Amino acid sequence: MILVTTAGKVGAEAVLLLRQQGVPVRVLVRHPDTVQGLKEAGAEIATGDLDAPASIDAAMAGVTAVLLVSPGVPAQEMNVIRSAARTSAGHVIKVTSNASADSPIARRRWQTEIEAGLTASGLAHTLLRANAYMQNVLALAPAIAKTSGFGSSAGQGRVGMIDARDVAAVAARIAAAPDAYAGSAYWLTGPGLISYADVAAVLSNLLGRPITYRGLSAEEDRDAMIRAGVPGPVAEMNAQAFSMIAGGDAAWVTQDVPSLLGRPARSFGQFAGDYAAAFS
Ligand SMILES: NC(=O)c1ccc[n+]([C@@H]2O[C@H](COP(=O)([O-])OP(=O)(O)OC[C@H]3O[C@@H](n4cnc5c(N)ncnc54)[C@H](OP(=O)(O)O)[C@@H]3O)[C@@H](O)[C@H]2O)c1
112 MILVTTAGKV
122 GAEAVLLLRQ
132 QGVPVRVLVR
142 HPDTVQGLKE
152 AGAEIATGDL
162 DAPASIDAAM
172 AGVTAVLLVS
182 PGVPAQEMNV
192 IRSAARTSAG
202 HVIKVTSNAS
212 ADSPIARRRW
222 QTEIEAGLTA
232 SGLAHTLLRA
242 NAYMQNVLAL
252 APAIAKTSGF
262 GSSAGQGRVG
272 MIDARDVAAV
282 AARIAAAPDA
292 YAGSAYWLTG
302 PGLISYADVA
312 AVLSNLLGRP
322 ITYRGLSAEE
332 DRDAMIRAGV
342 PGPVAEMNAQ
352 AFSMIAGGDA
362 AWVTQDVPSL
372 LGRPARSFGQ
382 FAGDYAAAFS
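With the working numbering as the guide, the letters of the sequence shown map in order to residues 112 to 391.
Put into structure tokens, the structure is as follows:
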């Protein structure tokens, strides 16, 4: 039995991929009514909360591998790691980022803290260090649909952007037979580097109307995200990340996705085509 915590962008897709292979999978969620599709695909639904260790212990029964993917809050993810260690859950696959202890972005320092906790737990584990998700662009979709334009403080910075479905595909591949991947870290990216000007060009082509990209200062970007409903601290960290993209921080591409999956990583064009309805 594989336990997936939680059913976000990566977790939900990984659950579906594992079920397509007939692998027994359980997913821990706070709101079981929102994951009817996963239940229909044959996943066990464990109602729980990452802040409630007893609910995680209950979900851990009979588990041989854990896919740990959640907002990356140390107290919450350490609850999962401690529960996995208590119940000898075998192997933890952790989705993380280009994290470091001295990053100016708090959530990257938190990821480093979680990774250290995972190492200290003695559990076999695999790290999936993902570049920025293409799905982040969906946050801009309402503005694009309404105004045919969007802004960002990412400047002309280029990103090895990855489709979160490919992160899920790698996670599912490893979870199904984790032993060969113990102790490894993979750097997951899309097939190439793209800038937000490139994003605008792909969307213009797809939608058949010009989509304009305008540069914002980090402060303007943060304030726009807050106006769009992003909590202040998250908007602050996002704006920091976009400023770092402008400086080249996300301009890295690897071949880890094709090496692990035996097929190319999805391009931004493929992603945009699959999500076209959101932008129109
Ligand atoms: N976005 C990026 O560009 C990017 C890039 C690299 C790495 N990452 C990493 O990817 C991870 C995030 O993965 P993701 O994008 O798949 O996440 P996501 O789509 O944001 O989903 C997070 C899930 O966590 C659930 N959740 C939140 N609090 C919870 C709690 N207390 N108990 C149980 N469930 C809870 C949410 O469910 P409800 O709120 O509905 O309950 C949601 O389903 C993070 O570790 C991040 O660092 C992201």
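Even glycine gets a Cβ: it sits at the ideal position worked out from N, Cα and C.
Computed from a predicted model, the values in this text were never measured in an experiment.
When DSSP labels each residue in this structure, what does residue i get in the three-state scheme?
i       : result
Ser-166 : helix
Thr-176 : For the record, residue 176 in the displayed sequence is Ala; it is not Thr. Residue state, collapsed to three classes: strand.
Val-313 : helix
Ile-204 : strand
Val-126 : helix
Arg-377 : coil
Ile-216 : coil
Ser-370 : helix
Leu-229 : helix
Val-270 : strand
Ala-241 : strand
Within the present structure, is the beta-carbon of residue i separated from the nearest heavy atom of ligand 1 by less than 6 Å?
i       : result
Ala-250 : no
Ala-241 : yes
Ser-181 : yes
Asn-316 : no
Tyr-244 : yes
Ser-211 : no
Gly-119 : yes
Arg-141 : yes
Ser-166 : no
Ser-264 : no
Ser-208 : yes
Asn-396 : Missing from the structure shown is residue 396; the chain here goes from 112 to 391 and no further.
Leu-161 : yes
From which residue to which residue does the beta strand (DSSP E) around residue i run?
i       : result
Gly-260 : 260-263
Tyr-297 : 296-299
Gly-326 : 323-326
Leu-114 : 113-116
Val-140 : 136-140
Ala-157 : 155-158
Identify which residue in the options has its Cα closest to the Cα of residue i.
i       : options                            : result
Leu-139 : Ala-252, Gln-187, Gln-131          : Gln-187
Pro-143 : Met-245, Ile-225, Ala-154, Ala-241 : Ala-154
Arg-137 : Asp-367, Gln-381, Leu-178, Ala-388 : Leu-178
Met-245 : Leu-229, Pro-164, Val-191, Leu-314 : Leu-314
Gly-228 : Ala-383, Ser-208, Ala-357, Met-189 : Met-189
Pro-253 : Ala-339, Pro-321, Pro-302          : Ala-339
Ala-165 : Ile-113, Ile-192, Leu-238          : Ile-192
Thr-117 : Ser-391, Ala-293, Val-364, Val-146 : Val-146
Gly-183 : Gly-359, Thr-323, Val-206, Ile-167 : Val-206
Arg-325 : Gly-319, Asn-316, Phe-390, Ala-335 : Ala-335
Ser-208 : Asp-360, Pro-369, Glu-151          : Asp-360
Pro-185 : Ile-167, Met-171, Gly-303, Thr-223 : Thr-223
Gln-366 : Ile-273, Phe-382, Asp-385          : Ile-273
Ala-152 : Gly-233, Gln-132, Asp-168, Met-171 : Gln-132
Ile-255 : Leu-371, Ala-176, Ala-389, Ser-370 : Ala-389
Ile-356 : Lys-150, Pro-215, Ala-123, Pro-375 : Pro-215
Kindly indicate the opening and closing residues of the alpha helix (DSSP H) around residue i.
i       : result
Leu-105 : Nothing can be reported for residue 105, as the shown portion of the chain is limited to 112 through 391.
Ile-337 : 329-338
Thr-198 : Counting along the chain, Thr-198 falls outside any alpha helix (DSSP H), and DSSP gives it neither H nor E.
Arg-276 : 275-287
Leu-234 : Neither: Leu-234 is in no alpha helix (DSSP H) and is coded neither H nor E.
Gln-351 : 343-357
Ala-389 : 387-390
Looking at ligand 2, does it come within less than 6 Å of residue i, judged from the CB to the closest heavy atom?
i       : result
Ser-199 : This structure simply doesn't include ligand 2; it includes ligand 1 instead.
(request) Please confirm if the region 281-295 is in contact with the region 187-206, defined as three or more CB-CB distances below 8 Å between the two stretches. (result) Counting C-beta pairs closer than 8 Å gives three or more between the region 281-295 and the region 187-206, which meets the contact rule.
(message) I want to know whether the region 256-268 touches the region 150-168 - three or more CB-CB distances under 8 Å.
(response) Counting Cβ pairs under 8 Å, fewer than three are found: no touch.
(message) With three or more C-beta pairs closer than 8 Å as the rule, is the region 211-220 touching the region 343-360?
(response) A contact is defined here as three or more CB-CB pairs under 8 Å, and the region 343-360 meets this definition with respect to the region 211-220.
(message) Using 8 Å as the cut-off, can you tell me whether the region 267-282 makes contact with the region 297-316, which would need three or more C-beta pairs spanning the two stretches below that distance?
(response) A contact exists between the region 267-282 and the region 297-316.
(message) Does the region 235-251 come into contact with the region 326-335, if we say contact requires no fewer than three beta-carbon pairs (one atom in each stretch) closer than 8 Å?
(response) Too few Cβ pairs lie closer than 8 Å, so no.
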